[in-house]
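Visitor:
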Amino acid sequence: MQKVQVVSWSLQQHIAKIVIDNPPVNVLSADVIEQLNIVVDEIEKNPNVKVVIVTGAGEKAFVAGGDIKGFPAWIGNGVEEAKQKSLWLQQPLNKIEQLPHPTIAAINGLALGGGCELALSCDIRIAEEHIEIGLPEVKLGLFPGAGGTQRLPRLIGKARAKEMIFTGESISAEEAERIGLVNHVVPKGKSVEKAMEIASKICNYSSIPITFAKRSIDVGYEQPLDEGLVTEATYFGHVFQTKDVQEGVEAFIQKRKPNFTDQ
912 MQKVQVVSWS
922 LQQHIAKIVI
932 DNPPVNVLSA
942 DVIEQLNIVV
952 DEIEKNPNVK
962 VVIVTGAGEK
972 AFVAGGDIKG
982 FPAWIGNGVE
992 EAKQKSLWLQ
1002 QPLNKIEQLP
1012 HPTIAAINGL
1022 ALGGGCELAL
1032 SCDIRIAEEH
1042 IEIGLPEVKL
1052 GLFPGAGGTQ
1062 RLPRLIGKAR
1072 AKEMIFTGES
1082 ISAEEAERIG
1092 LVNHVVPKGK
1102 SVEKAMEIAS
1112 KICNYSSIPI
1122 TFAKRSIDVG
1132 YEQPLDEGLV
1142 TEATYFGHVF
1152 QTKDVQEGVE
1162 AFIQKRKPNF
1172 TDQ
């Protein structure tokens, strides 16, 4: 029996859009995890992609969380089995985070548990004004296992992350923007439009310095400042060997629009 397609992607002018369509609330089921892994691998191999947008189908949820109905089978079978389930959940989110392209989460509805963790794996987050976002796992007697305890503190600081995780309370789009969890808040139904607007701006530039900048930020963030500065300098050195830096500098001097070729 053929599996239902619950994760799909399309390409429009160098912008890949991933849509999670697992009604009614787009939970991270086993099929979603499996297909998300496949889709991200396909996107990484596609030479025409410059920016990636992730969103949920429908108006109710971005991704409302993990597939809780499957959790009973994970209970009491030893630490190693549950650990492997956590690593399995983390895998497609890690792949999204490690993509060389900028990634944007268009949060169009509930983003709870695994949905919040999926959004956290993206570089930029756009939230519609009506959404709720949070990590409610403590209410089930557990805690986030798809990257939430690691990515959220790095984004908003340990104290705020601990309060969200310890209380399990979700927050509004407005509060999420205030604490730096999301970049922008937009009217209902406008998250993908805003994400496309940002993606289109990024696509105007050479993908090479953007990829190097992303690597410099992500690698350097985990290093002491002195090491991070060397990481930045190394990628800076690489970017000065490209044709696009020559084109960009010459265009500036000649007062014309650059014609980048991603070389």
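Everything in the sequence shown is counted per the numbering used here, starting at 912 for the first residue and increasing by one.
We put the CB at the ideal spot given by N, CA and C, even for glycine.
Going by DSSP, which residues form a beta bridge with LYS1166?
Guide: Paired residue(s): none; LYS1166 is not in a bridge.
Visitor: Quick check: the Cα distance between ALA1070 and PHE1077, rounded to an integer number of angstroms?
Guide: Between ALA1070 and PHE1077, the C-alpha separation is close to 10 Å.
Visitor: What's the gap between the Cα of ASP1155 and the Cα of PRO958?
Guide: Using only the alpha carbons, I get a separation of about 17 Å.
Visitor: Where does HIS1041 fall in DSSP's three states?
Guide: If DSSP states are grouped into helix, strand and coil, HIS1041 belongs with coil.
Visitor: Assuming PRO1011 and ILE1035 make a contact with CB atoms under 8 Å, what is their CB distance in whole Å?
Guide: Between ILE1035 and PRO1011 the Cβ distance is about 15 Å, and since that is not below 8 Å, they are no contact.
Visitor: Quick check: what's the CA-CA separation for PRO1064 versus ALA1072?
Guide: Whole-angstrom Cα-Cα distance: 5 Å.
Visitor: Just reading off the alpha helix (DSSP H) that VAL1130 is part of, what are its end residues?
Guide: Segment 1118-1132, the alpha helix (DSSP H) holding VAL1130.
Visitor: Tell me the rounded alpha-carbon separation between GLN995 and VAL930.
Guide: Using only the alpha carbons, I get a separation of about 26 Å.
Visitor: So the beta strand (DSSP E) VAL974 belongs to, where does it begin and stop?
Guide: From DSSP, the beta strand (DSSP E) with VAL974 extends over 972-974.
Visitor: Whose CA, out of ASN1170, GLY981, ILE1113, ALA1144, lies closest to the CA of ILE1128?
Guide: It is ALA1144.
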